[in-house]
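Residue 121 in numbering that gives the first Met the number 0 is what sits at position 122 of the sequence shown, and the numbering runs on without skipping anything.
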Amino acid sequence: MAIINYLTHIRFDHGAIAHTHADACSTGMSHPLIVTDKGIREAGLLDQLLGHLPEDWHRSIYDNTPSNPTEEAVSEAHELFASQGCDGLIAIGGGSPIDLAKAVAVAARHTGQLTDFAFIEGGADLITDAVAPVVAIPTTAGTGSEVGRASLITLRDGRKLALISPHIIPARSICDPDLTVNSPSWLTAAAGMDALTHCIECYISPKVNPVADAISLDGAARAWRWIRTAYEEPTNKQARWEMMMAGTQGGLSFQKSLGAVHAMSHPLGSLQDPGFHHGMLNAVILPHVLRYHETAVDRHFAGLRDAFGLGFGADLPAAIEKLNRGLGLPKSLREMGVPEDCLPHMVEGALADHSNAGNPREVGRADYEALFQAAYG
0 MAIINYLTHI RFDHGAIAHT HADACSTGMS HPLIVTDKGI REAGLLDQLL GHLPEDWHRS
60 IYDNTPSNPT EEAVSEAHEL FASQGCDGLI AIGGGSPIDL AKAVAVAARH TGQLTDFAFI
120 EGGADLITDA VAPVVAIPTT AGTGSEVGRA SLITLRDGRK LALISPHIIP ARSICDPDLT
180 VNSPSWLTAA AGMDALTHCI ECYISPKVNP VADAISLDGA ARAWRWIRTA YEEPTNKQAR
240 WEMMMAGTQG GLSFQKSLGA VHAMSHPLGS LQDPGFHHGM LNAVILPHVL RYHETAVDRH
300 FAGLRDAFGL GFGADLPAAI EKLNRGLGLP KSLREMGVPE DCLPHMVEGA LADHSNAGNP
360 REVGRADYEA LFQAAYG
């Protein structure tokens, strides 16, 4: 059993979920709100968690998390947290329940509207260490939210904004690869590409953080090596372990920065009908952004080619497109069902997104228009 103390306390191994009660108690919580979604309940993973908690331990459950968490859902969960006298949160699921729990942790101990705490609204300094403690249990290998300092929430006005603060990194992270074994194949692929995208965008960012660079390059190599095995052999325990580690490494490294892939996928993720999986959006967009940045990051591309076992001068974006096809992922935003008439609004969202700070090459309005059109197909 690995115990990793880097940014937070990470319990990482097969069967780690059995330690949930001890880890939750170590944060001081005695009546948690368990935050999850209907899919996790239907898959039996909520029952699995409850089986590791004492029957006489007070807990309340919020299972109405949408596929991309919303301000309305944060309000609902916060009302339940307050009415039930909860003093902490246990989030089990993909990035959506974990992000929702982080936002509730802020709302529970701070006054003001959720928008007040959004990063691009200057709200980062308003988030203090008074946040309610969160224990995060990821059931997908990709988002990195279990160790991330951000919570992405779609507001009532349609914007998808981030709460960003080191204070909302979960107090405990429980990474149990066994929880991913029964994931649908498309989710294994999409979440895995999310992890790969996090690692690549962090690695090519011009910001100076050698520690994050080392973690992101190792995580990218790990994801590249193991994602196809996890997809083709879902019960392969080593592949599941490696992919969950890659996902966590992505979360550890994006403390450095992200870039245009996420600046584009964030506003697309705010579309509610239909909703789009964040990792799948990243997979489709990634090759196009890499082509745009290639001339600015020759050294980084060489490092990625070497880590992936590609030949000297190999076409890295084309290799990622080939990987996407092998994982059964869509070729374009059009194939995903993104409505073309939304693209001008998506350009505005990308320009306003906080992830722009991590681009190795400036991306302006005309550049985003071209990137969206290229990704649309």
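Where a beta carbon is used, it is the ideal one built from N, C-alpha and C, also for glycine.
Kindly identify the DSSP beta-bridge partner or partners of residue i.
i, result
"V134", "I89, R171"
"F80", "DSSP lists no partner for F80."
"T114", "Its beta-bridge partners do not exist; DSSP assigns none."
"R10", "I2, I173"
"I33", "I60, I89"
In whole angstroms, what separates the C-alpha of residue i from that of residue j?
i, j, result
"G336", "G325", "20 Å"
"H277", "L52", "31 Å"
"P316", "H292", "11 Å"
"C201", "E339", "29 Å"
"T139", "G121", "31 Å"
"L332", "V346", "14 Å"
"K37", "G348", "29 Å"
"Y5", "S164", "16 Å"
"L88", "A100", "6 Å"
"A365", "F371", "10 Å"
"I168", "F311", "39 Å"
"A129", "H109", "8 Å"
"C244", "A194", "According to the sequence shown, residue 244 is Met rather than Cys. Each residue's alpha carbon lies about 9 Å from the other."
"L186", "H197", "16 Å"
"H387", "S204", "This structure cannot speak to residue 387, because the chain is shown only from 0 to 376."
"E334", "S66", "19 Å"
"I319", "F80", "43 Å"
"A42", "A301", "42 Å"
"G341", "V296", "For the sequence presented, residue 341 should be read as Cys rather than Gly. About 31 Å."
"M0", "G147", "22 Å"
"H353", "L162", "10 Å"
"F275", "A229", "22 Å"
"L309", "Q83", "55 Å"
"T294", "V362", "13 Å"
"D272", "T153", "13 Å"
"R304", "P359", "18 Å"
"G218", "H299", "14 Å"
"R40", "A123", "33 Å"
"Y367", "L280", "15 Å"
"E71", "D314", "44 Å"
"V73", "T234", "34 Å"
"I2", "G376", "44 Å"
"A210", "A149", "For the record, residue 210 in the displayed sequence is Val; it is not Ala. Near 19 Å, if we compare the C-alpha coordinates of A149 and V210."
Does the Cβ-Cβ distance between residue i and residue j come in under 9 Å?
i, j, result
"A351", "S256", "no"
"V34", "I91", "yes"
"A373", "F307", "no"
"L48", "A76", "no"
"Q254", "N208", "yes"
"P137", "I199", "no"
"P180", "R239", "Correcting the residue type first, residue 180 is Val in the shown sequence and not Pro. Going by C-beta atoms, V180 is nearer than 9 Å to R239."
"P329", "A282", "yes"
"A170", "T69", "no"
"G45", "D62", "Just to set this straight, residue 45 is Leu in the shown sequence, not Gly. Yes; because the gap between Cβ atoms is below 9 Å, this pair is in contact."
"S95", "G327", "no"
"G393", "L151", "Residue 393 lies beyond the stretch modelled for the chain, which goes from 0 to 376, so this question has no answer here."
"M242", "G143", "no"
"D86", "H18", "no"
"E145", "I60", "no"
"L322", "W223", "yes"
Hey, does residue i have any beta-carbon neighbour from chain C nearer than 9 Å?
i, result
"R171", "Checking the listed chains, one finds no chain C in this structure; it contains a single protein chain."
Are there three or more Cβ pairs, one per stretch, closer than 8 Å when the region 103-116 is compared with the region 177-192? no
Is the region 256-264 in contact with the region 286-296, if contact means three or more CB pairs nearer than 8 Å? yes
Three CB pairs or more closer than 8 Å across the region 203-216 and the region 242-260: yes
Should the region 128-136 be called in touch with the region 21-35, which here means at least 3 C-beta pairs below 8 Å? yes
4 or more residues per run - each alpha helix (DSSP H) lying fully within the region 295-356: 297-307, 315-325, 332-335, 342-351
Counting beta carbon pairs with one atom in the region 6-22 and one in the region 165-176, are three or more of them shorter than 8 Å? yes
Let me know the beta strand (DSSP E) ranges lying completely inside the region 134-209, each 3 residues or longer, listed in chain order. 149-153, 159-163, 171-174
At a cut of 8 Å, does the region 154-167 reach the region 115-123 through at least three beta carbon pairs? Yes, the region 154-167 is in contact with the region 115-123.
Run through the region 54-78 for me and flag every whole beta strand (DSSP E) of 3 or more residues, listed as ranges in chain order. 59-61, all fully within the region 54-78.
Inside the region 225-287 only - alpha helix (DSSP H) runs reaching at least 4 residues: If we require 4 residues or more, the alpha helix (DSSP H) runs fully inside the region 225-287 come out as 236-252, 259-268.
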